[in-house]
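Written below as structure tokens is the structure these notes are about.
In the working numbering, the protein residues as written are 11 to 133.
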């Protein structure tokens, strides 16, 4: 084991060690930031680019856009529960609290954010 370590020391320069330390520090910082970052608290439902509803992720509910498109919020996450679109890819996306849920055939997007943007304007 020590023999391999001495070979490694001869092969790597001082700059290589500094680079490894910097990359490790950046990795630990990103993990720390992601772990302690404020969680998203709202789900915004857009239909054809128009905001239809803002739903708090803190309360469990089921929201029906129409008879064939149902969104479920549970335990701080959202999902498309039912839809009539072909392939049902939006249902297969599963639960999310940060990655937007998109249904192209129904032209519906569910986006997540941290603040109550009650004055949100969309174009």
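We put the beta carbon where it would ideally sit given N, CA and C, even for glycine.
Which of the three DSSP states, helix, strand or coil, is assigned to residue 114?
-> One-based indexing of the chain shown puts residue 114 at position 104. Residue state, collapsed to three classes: coil.
How about residue 101 and residue 90: are their beta carbons less than 8 Å apart?
-> As a working mapping, residue 101 is identified with position 91 in the chain shown. As a working mapping, residue 90 is identified with position 80 in the chain shown. Yes; because the gap between Cβ atoms is below 8 Å, this pair is in contact.
Can you name the residues that DSSP bridges to residue 56?
-> Here residue 56 corresponds to residue number 46 of the chain shown, with the count starting at 1. In DSSP, residue 56 forms a bridge with 61, 119.
For residue 109, which of helix, strand or coil comes out of DSSP?
-> Locating residue 109 in the chain shown gives position 99, where the first residue counts as 1. Three-state DSSP puts residue 109 in coil, outside helix and strand.
How about the region 54 to 69 and the region 108 to 123: do they share at least three Cβ pairs that are nearer than 8 Å?
-> yes
Compute the Euclidean distance between the alpha carbons of residue 124 and residue 39, then round it to the nearest angstrom.
-> For the purposes of this step, residue 124 is taken as the residue at position 114 of the chain shown. For the purposes of this step, residue 39 is taken as the residue at position 29 of the chain shown. If I take the Cα positions, the gap works out to 21 Å.
Contact belief for residue 84 with residue 70 at Cβ below 8 Å, rounded distance in angstroms = As a working note, residue 84 is residue 74 in the chain shown. As a working note, residue 70 is residue 60 in the chain shown. Yes, they are in contact, since the Cβ atoms of residue 84 and residue 70 sit about 5 Å apart, within 8 Å.
Give me the Cα-Cα distance between residue 9 and residue 45, rounded to the nearest whole angstrom.
-> In this structure the chain extends from 11 to 133, so residue 9 is not present and cannot be described.
Would you mind sorting residue 122 into buried or exposed? The rule is 16 or more other CB atoms within 10 Å of its CB.
-> As a first step, residue 122 is located in the chain shown; it is residue number 112 there, counting from the start. With 16 or more other CB atoms across the displayed protein chains lying within 10 angstroms of its CB, residue 122 is buried.
Under three-state DSSP, which class holds residue 30?
-> Along the chain shown, read from residue 1 onward, the residue named residue 30 stands at position 20. Helix, per DSSP.
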